[in-house]
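In this note's numbering, the protein residues as written are 22 to 280.
Below is the structure:
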């Protein structure tokens, strides 16, 4: 067992089993002696060869010398450097046993999907919405994802049930439909329809009774602003009175709408 000698005896705890003790320095040999045997003293050729070698390839980091007494041995100029490097090795080098993970390199590579699943276009027809007699110019899906509105060149707007393609209602207009946009607030089922120089706010009757009441109150209100940018007015068509429409008169034809 290894113990920390700087701690008290009461608090001393054995080190972890995974701990690896620091390697001990090699004990000095005959070459480090102040009076080594003659066979350990180098010749001039060996000294010249030692000087030509790289410091990492040298067998010793010093030249063996012979002195008559220990008092004649000079101070070692590399002592401080060697002790400092030894201290760095002791506290900077991690020494612990770690379990080796046996992982198959091929398991780290993600499985590539099949090319058939990466096609950016549908290959099968799931559902068809049939009812318009001319080109459909715009569609809009309700915020709750249950209904879809479509505007066509046959001058009509149809409200569909998204999952069954069933027509809920059809609204006729005097001009071609340029675009439709559903109100992003799901509690107010109002659809904006652009035709030529008008934007019609249409009550879709697709919400609850409370939602229907809120939409009727909004569509029955008229703006009292004196210098308004656009003109708000209620629908005067008696046939479409039950649809609770409000018309916004604009100067130019609308190409797109955003709530």
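No residue lacks a Cβ here, since even glycine has one placed at the ideal position from N, Cα and C.
Integer-rounded CB distance, given that residue j should sit under 8 angstroms from residue i
i: residue 278; j: residue 213; result: 5 angstroms
i: residue 210; j: residue 224; result: 7 angstroms
i: residue 199; j: residue 276; result: 7 angstroms
i: residue 161; j: residue 203; result: 4 angstroms
i: residue 118; j: residue 41; result: 6 angstroms
i: residue 176; j: residue 195; result: 7 angstroms
Three-state secondary structure assigned by DSSP to residue i
i: residue 212; result: strand
i: residue 202; result: strand
i: residue 238; result: helix
i: residue 41; result: coil
i: residue 268; result: strand
i: residue 259; result: Legend: pLDDT at residue 259 = 46, less than 50; position of this residue unreliable, value from coordinates given subsequently. Here residue 259 sits in helix by DSSP.
i: residue 277; result: coil
i: residue 182; result: strand
i: residue 223; result: strand
i: residue 193; result: strand
i: residue 159; result: strand
i: residue 230; result: helix
Proximity below 8 angstroms, CB of residue i to CB of residue j
i: residue 94; j: residue 61; result: no
i: residue 178; j: residue 157; result: no
i: residue 152; j: residue 180; result: no
i: residue 207; j: residue 141; result: no
i: residue 186; j: residue 233; result: no
i: residue 197; j: residue 221; result: no
i: residue 218; j: residue 169; result: no
i: residue 71; j: residue 85; result: no
i: residue 116; j: residue 43; result: yes
i: residue 167; j: residue 183; result: yes
i: residue 57; j: residue 87; result: yes
(Q) Between the segment 38–50 and the segment 80–91, can you find at least three pairs of beta-carbon atoms closer than 8 angstroms? (A) no
(Q) Runs of 4 residues minimum, wholly inside the segment 67–128: which ones carry the alpha helix (DSSP H) assignment? (A) 100–113
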